[in-house]
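S.K.: Residue numbers (my numbering): 220 to 343.
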Amino acid sequence: MNATNSNHAIFGRKVALLIGNLNYCENDGQLYHTIDEINDVLRTINFHVEKHHDLCNSETINIFPEFSKTILDGDLVLFYFSGHGCEMDRKNYLLPIDDEFIEKKEEIENCVVHSEQILHRWLQ
């Protein structure tokens, strides 16, 4: 990040990745929210927004590397996830909508996205 003498930050672009998972396979997992309002607000303040709804595990895994390719040095990057998540062994995970494949604690890392790994990838 570059700063001017007046301590105002200067960014190349403002980019955002929004994921809104509502329709989980497990019946008790349905959510009622939207990322559309956040999308609208971000666009009014000149963010380039990439928005996705109801991603399964394979889609979720592929979204992050693809979005990473669009990030340029100096970009201000915002990531927003609305959906189910969990914490296990002091690690935080984002759950895709095909959560019916998670039957045992030992299987969780194969069926979810580790949020910290995403952030580390973007900070490199």
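Even glycine gets a Cβ: it sits at the ideal position worked out from N, Cα and C.
Check for me: the beta strand (DSSP E) holding F300 runs from which residue to which?
M.R.: 295-301
S.K.: Following the continuous beta strand (DSSP E) through C311, name the residue where it begins and the one where it ends.
M.R.: What sits at residue 311 in the sequence shown is Asn, not Cys. Per DSSP, N311 belongs to the beta strand (DSSP E) from 310-313.
S.K.: Hey, quick one: how far does the alpha helix (DSSP H) through I282 stretch, first residue to last?
M.R.: 276-289
S.K.: Report yes if the CB atom of C330 is closer than 8 Å to the CB atom of I316, and no otherwise.
M.R.: no
S.K.: Keeping to the same chain, check which residues put their C-beta closer than 6 Å to that of F283; ignore five residues upstream and five downstream.
M.R.: So the qualifying residues of the chain are I337.
S.K.: Between the C-alpha atoms of N311 and H339, what's the straight-line distance to the nearest angstrom?
M.R.: It is roughly 13 Å from the alpha-carbon of N311 to the alpha-carbon of H339.
S.K.: For C305, collect the residues of the same chain with a Cβ closer than 8 Å to its Cβ; drop the 5 residues on either side in sequence, then sort them by chain order.
M.R.: N311, Y312, L314, I327, V331
S.K.: Mark I280 as exposed unless 16 or more other C-beta atoms lie within 10 angstroms of its C-beta, in which case mark it buried.
M.R.: exposed
S.K.: Identify, in the order they occur along the chain, each residue of the same chain with its Cβ nearer than 6 Å to the Cβ of G302, setting aside the five sequence neighbours on each side.
M.R.: So the list reads N240, once near-sequence residues are dropped.
S.K.: List in chain order: all unbroken alpha helix (DSSP H) runs of 4+ residues lying wholly within the region 238-276.
M.R.: 255-263
S.K.: At the level of alpha carbons, what is the spacing between V404 and L250?
M.R.: Limits of the chain in this structure are 220 at one end and 343 at the other, which puts residue 404 out of reach.
S.K.: Please report the straight-line C-alpha distance between D292 and R232, rounded to a whole angstrom.
M.R.: Looking at the two C-alpha atoms, the distance is approximately 9 Å.
S.K.: Name the two residues that bound the continuous alpha helix (DSSP H) containing E335.
M.R.: 334-342
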